[in-house]
Amino acid sequence: MKLPLAGVIGCPVGHSRSPILHGAWLKQYGLRGHYVPLHVEADDLERVLRAMPAMGFVGANVTIPHKEAALALADEVSDTARQIGAANTLSFRDGRIHADNTDAYGFMQNLRDGTPGWRPETSPALVLGAGGAARAVLVALTQAGVPEILLTNRTRSRADELARALGDPIRVLDWESYAQALPQAGLVINTTSLGMDGQPPLGLPTEALNPDCVVTDIVYTPLETQLLRDAKARGCRVVDGLGMLLHQAVPGFERWFGIRPEVTVDLRRAVLEQ
Ligand code: ATR
44 MKLPLAGVIG CPVGHSRSPI LHGAWLKQYG LRGHYVPLHV EADDLERVLR AMPAMGFVGA
104 NVTIPHKEAA LALADEVSDT ARQIGAANTL SFRDGRIHAD NTDAYGFMQN LRDGTPGWRP
164 ETSPALVLGA GGAARAVLVA LTQAGVPEIL LTNRTRSRAD ELARALGDPI RVLDWESYAQ
224 ALPQAGLVIN TTSLGMDGQP PLGLPTEALN PDCVVTDIVY TPLETQLLRD AKARGCRVVD
284 GLGMLLHQAV PGFERWFGIR PEVTVDLRRA VLEQ
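Straight run, no breaks: the sequence shown in the working numbering ends on number 317.
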């Protein structure tokens with residue numbers, strides 16, 4: 044029997060924490076197998092993917108800039124991956140490439156883990172940003188039954204496009220006036236790059252938040268962004284972005300290596316110490 048291999052395909056890929064994450068699980072569960080970073084140029088993607096099963100690969104994660112291309116190349120695509128318009132988890136079975144996207148699952152699982160008792164179907168959510176990460180978040184919120192999703196982005200046309208593609212219950216707000224929606228929001232999500240190390244802060248007026256609101260950030264460098272710090276001071280429950288990365292990896296690991304792994308405090312530490 045071949046030693047099962049999996050990896051993360053990106054360009055660049057050196058920054059990816061996935062090898063540490065999957066490596067920690069392989070070790071924890073005493074499994075034979077390896078998970079490796081694979082730097083692949085866009086022009087080589089299809090050739091590489093088609094060759095991987097013969098080398099012992101059972102699957103792969105896909106990261107920037109290949110998520111859309113991987114979806115297009117796949118032989119089978121899950122409903123969620125199609126809705127998000129991108130793939131992050133591939134499995135090789137019977138000579139075919141199966142594409143899925145586990146970002147929406149990871150996002151929602153992280154939120155549920157961090158806020159026991161929180162009920163997404165009870166109040167509106169406000170999503171800041173309309174890039175690739177926003178798409179997975181919007182799909183997750185729609186699947187969870189959030190009754191109203193308010194979407195705002197500096198470049199309004201990108202938000203309009205997403206709302207058109209994904210439909211109900213998304214409504215677009217102008218970036219300049221999104222603060223009006225803060226008192227009613229039960230959940231606020233930053234999917235922009237603002238607040239990341241080296242970027243300007245988001246500058247959300249947290250004094251307008253309802254203290255019952257849950258606030259989360261896709262950014263996890265730093266782990267506690269200014270947004271999360273200020274929201275916590277306001278009395279809100281906050282969830283950092285690292286958990287989304289950890290939870291999105293669970294379904295892939297289970298498919299490739301046969302054990303559903305746990306997201307624990309020790310795992311968080313191992314990934315942070317990288
Ligand atoms: P990704 O696909 O990883 O989400 P992206 O497509 O570059 O990355 O999206 C980054 C998000 O951060 C976008 O919503 C972007 O807004 P624009 O669509 O207007 O570019 C947002 N963003 C980045 N810098 C910003 C800034 N200075 N002010 C407001 N929004 C910003």
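Note that beta-carbon positions come from the ideal geometry of N, C-alpha and C, so glycine has one too.
Is any heavy atom of the ligand ATR found at a distance shorter than 8 Å from the C-beta of residue i?
{"i": "serine 1", "result": "Summary: the structure shown does not reach residue 1, with the chain confined to residues 44 through 317, and so no result is reported for it."}
{"i": "alanine 112", "result": "no"}
{"i": "glycine 128", "result": "no"}
{"i": "asparagine 196", "result": "yes"}
{"i": "isoleucine 232", "result": "no"}
{"i": "arginine 93", "result": "no"}
{"i": "isoleucine 107", "result": "yes"}
{"i": "alanine 176", "result": "yes"}
{"i": "arginine 201", "result": "yes"}
{"i": "proline 243", "result": "yes"}
{"i": "glycine 172", "result": "yes"}
{"i": "tryptophan 218", "result": "yes"}
Measure the CB-CB distance between residue i and residue j and report whether it falls below 9 Å.
{"i": "tyrosine 78", "j": "alanine 113", "result": "no"}
{"i": "glycine 321", "j": "glycine 157", "result": "In the structure as shown, the chain begins at 44 and stops at 317. Residue 321 is therefore absent and cannot be evaluated."}
{"i": "glycine 301", "j": "leucine 74", "result": "yes"}
{"i": "aspartate 147", "j": "alanine 130", "result": "First, the amino acid is wrong: residue 147 is alanine here, not aspartate. Cβ atoms of alanine 147 and alanine 130: not closer than 9 Å."}
{"i": "cysteine 279", "j": "aspartate 309", "result": "no"}
{"i": "glycine 172", "j": "asparagine 196", "result": "yes"}
{"i": "leucine 209", "j": "alanine 228", "result": "no"}
{"i": "leucine 133", "j": "glycine 102", "result": "yes"}
{"i": "glycine 154", "j": "valine 51", "result": "Position check: residue 154 holds leucine in this sequence, whereas glycine was assumed. Contact flag unset, no."}
{"i": "valine 262", "j": "asparagine 233", "result": "yes"}
{"i": "glycine 128", "j": "arginine 178", "result": "yes"}
{"i": "alanine 124", "j": "asparagine 144", "result": "yes"}
{"i": "leucine 230", "j": "alanine 274", "result": "no"}
{"i": "proline 108", "j": "cysteine 54", "result": "yes"}
{"i": "leucine 205", "j": "leucine 181", "result": "yes"}
{"i": "proline 243", "j": "leucine 270", "result": "no"}
{"i": "arginine 60", "j": "glutamine 317", "result": "yes"}
{"i": "leucine 225", "j": "leucine 247", "result": "yes"}
From the DSSP output, which residues share a beta bridge with residue i?
{"i": "alanine 142", "result": "Val120, Leu133"}
{"i": "phenylalanine 100", "result": "Leu48"}
{"i": "leucine 194", "result": "Val170, Val215"}
{"i": "asparagine 233", "result": "Leu171, Asp260"}
{"i": "glycine 53", "result": "His82"}
Between the Cα of residue i and those of the options, spot the shortest distance and give me the residue it belongs to.
{"i": "proline 62", "options": "Arg298, Leu154, Leu289, Leu88", "result": "Leu289"}
{"i": "alanine 187", "options": "Leu171, Pro163, Ile302", "result": "Pro163"}
{"i": "arginine 303", "options": "Leu171, His82, Ile213, Leu69", "result": "Leu69"}
{"i": "glutamate 191", "options": "Val314, Leu205, Ser166", "result": "Ser166"}
{"i": "proline 80", "options": "His65, Asp86, Arg93, Asp87", "result": "His65"}
{"i": "phenylalanine 296", "options": "Leu88, Ala67, Pro265", "result": "Ala67"}
{"i": "lysine 45", "options": "Tyr72, Gly76, Val56, His58", "result": "Gly76"}
Determine whether the Cβ of residue i lies closer than 9 Å to any Cβ atom of chain C.
{"i": "valine 182", "result": "You won't find chain C in this structure, because it holds only one protein chain."}
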